[in-house]
Amino acid sequence: MTATTGTIPAHIAVIMDGNGRWATKRGLPRTKGHKAGTEAARAIVTHCREIGVRHLTLYTFSKENWARPKEEVGTLFDLLTSFLKNEQKQLLEQDIRLKVLGDVDGLPLAVRTVLKRVMEKTAGCAGMTLNLALNYGGRDEIVRACRRLVQQGLAPEQIDEQALSRELFTAGQPDPDLVIRTSGEIRISNYLLFQTAYSEFYFTDVLWPDFTPDHLDAAIADLNSRQRRFGKTGQQLEQDDK
Ligand code: IPE
Ligand code: IPE
Ligand code: MG
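Quick note on the numbering used here: the sequence shown kicks off at 94 and runs consecutively.
So this is what it looks like as structure tokens:
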């Protein structure tokens, strides 16, 4: 276990990017990059649990990722299925609850089946919540939430930020304090659009399969060196701290 100092963020959200390039650099098929990416994810889940992160969200498959070659999509779901099967015991032992953010009904049956089982088994776990953003799109999530508010017959004045938040996949969870994106890309790619209104962003050139707990600690240290102002002045915040 690596040493981490300072405040541990309550919620870290990660865009695990760069698996394909990691493999290509090594003359391997992209699918090998996804396999290596799964190992990196496993280590980060355990590390987050150890250092006391309460919510970890991993961008696992976006709605837009359906546009990839069929074979790659198939491999991604196969890897996810075996990851869940292998991790079930570990998750329980580590007291980690599994949740899915996204359109579960649109996932292949084999994936849905194993997800349902692991979610049921870990429903009582309270050490950390592991959210897998799966078949997820941030705009889609907001549209769904609006539809549900309309279905519930809310009057316009009853629709506020809290009401909308309650209908998001992340209902009841704090907004991410920190969003990490690997592989040097500096964009949000339709991730947690509503929830990241005041998140801090950390971009690194490290490709996801190479991302280690030490890299995560560096991201947290960077976050702890920043002042989150939420619209206030730096002076006001210093006063608030007194
Ligand atoms: C992230 O790695 C994994 C998924 C999007 C599923 P990529 O597969 O996007 O890797 P690059 O960006 O092509 O290197
Ligand atoms: C974002 O990565 C989605 C996941 C990490 C699952 P992408 O590689 O799909 O994002 P873009 O297409 O480069 O924006
Ligand atoms: Mg990518």
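Backbone N, C-alpha and C fix where the C-beta goes; we use that ideal spot for every residue, glycine too.
Residue environment, residue i, which counts as buried when at least 16 other CB atoms sit within 10 Å
i, result
"Lys128", "buried"
"Ser155", "buried"
"Asn179", "exposed"
"Arg322", "exposed"
"Ile279", "exposed"
"Glu234", "buried"
"Pro42", "A question about residue 42 goes unanswered here, because the residues of the chain that appear run from 94 up to 335."
"Ala248", "exposed"
"Gly145", "exposed"
"Val211", "buried"
"Trp159", "exposed"
"Thr326", "exposed"
"Gly113", "buried"
"Leu202", "exposed"
"Pro102", "buried"
7 Å Cβ shell around residue i - same chain, five flanking residues per side excluded
i, result
"Thr124", "Glu165, Thr168"
"His308", "Thr297, Val299"
"His140", "Pro306, Leu309"
"Thr95", "Bear in mind that the predicted position of Thr95 carries a pLDDT of just 48, short of 50, making it unreliable; the figure below should be weighed with that in mind. Contacts found: Pro306, Asp307, Asp310."
"Ala116", "Pro122, Arg123, Lys125, Gly126"
"Pro269", "His104, Ile105, Ala106, Thr150, Leu285, Gln288, Thr289, Ser292"
"Gln332", "none"
"Lys335", "none"
8 Å Cβ cutoff met for residue i and residue j
i, j, result
"Ile137", "Pro306", "yes"
"Tyr295", "Ala312", "yes"
"Asn74", "Thr131", "No information on residue 74 is available, as it lies outside the stretch 94 to 335 that the chain covers here."
"Gly111", "Thr275", "yes"
"Phe176", "Val204", "no"
"Thr263", "Leu194", "yes"
"Val207", "Thr174", "yes"
"Leu242", "Ala256", "yes"
"Asn283", "Arg240", "no"
Proximal residues to residue i (C-beta, below 6 Å), its chain only, five neighbours per side dropped
i, result
"Gly99", "Asn317"
"Phe304", "Ala133, Thr275"
Any non-hydrogen atom of ligand 3 closer than 7 Å to residue i Cβ
i, result
"Gly130", "no"
"Gly113", "yes"
Residue i Cβ short of 7 Å to ligand 1 heavy atom set
i, result
"Asp303", "no"
"Leu225", "no"
"Arg123", "yes"
"Leu202", "no"
Beta-carbon proximity list for residue i, same chain, < 8 Å, skipping 5 on both sides
i, result
"Arg319", "Glu293"
"Leu261", "Glu234, Ile235, Ala238, Phe287, Gln288"
Cβ-heavy atom distance, residue i to ligand 2, below 7 Å
i, result
"Glu278", "yes"
"Phe154", "yes"
"Ser282", "yes"
"Asp298", "no"
"Ile108", "yes"
"Glu157", "yes"
Touching by the beta-carbon criterion (3+ pairs, under 8 Å), the segment 153 to 168 and the segment 227 to 234: The segment 153 to 168 makes contact with the segment 227 to 234, as at least three CB pairs between them are under 8 Å.
Three or more C-beta pairs below 8 Å linking the segment 176 to 195 and the segment 214 to 221: Verdict: yes, contact present.
Touch test, the segment 102 to 112 against the segment 270 to 288, Cβ-Cβ under 8 Å, three pairs minimum: By the C-beta criterion, the segment 102 to 112 is judged to be in contact with the segment 270 to 288, since at least 3 inter-stretch pairs fall below 8 Å.
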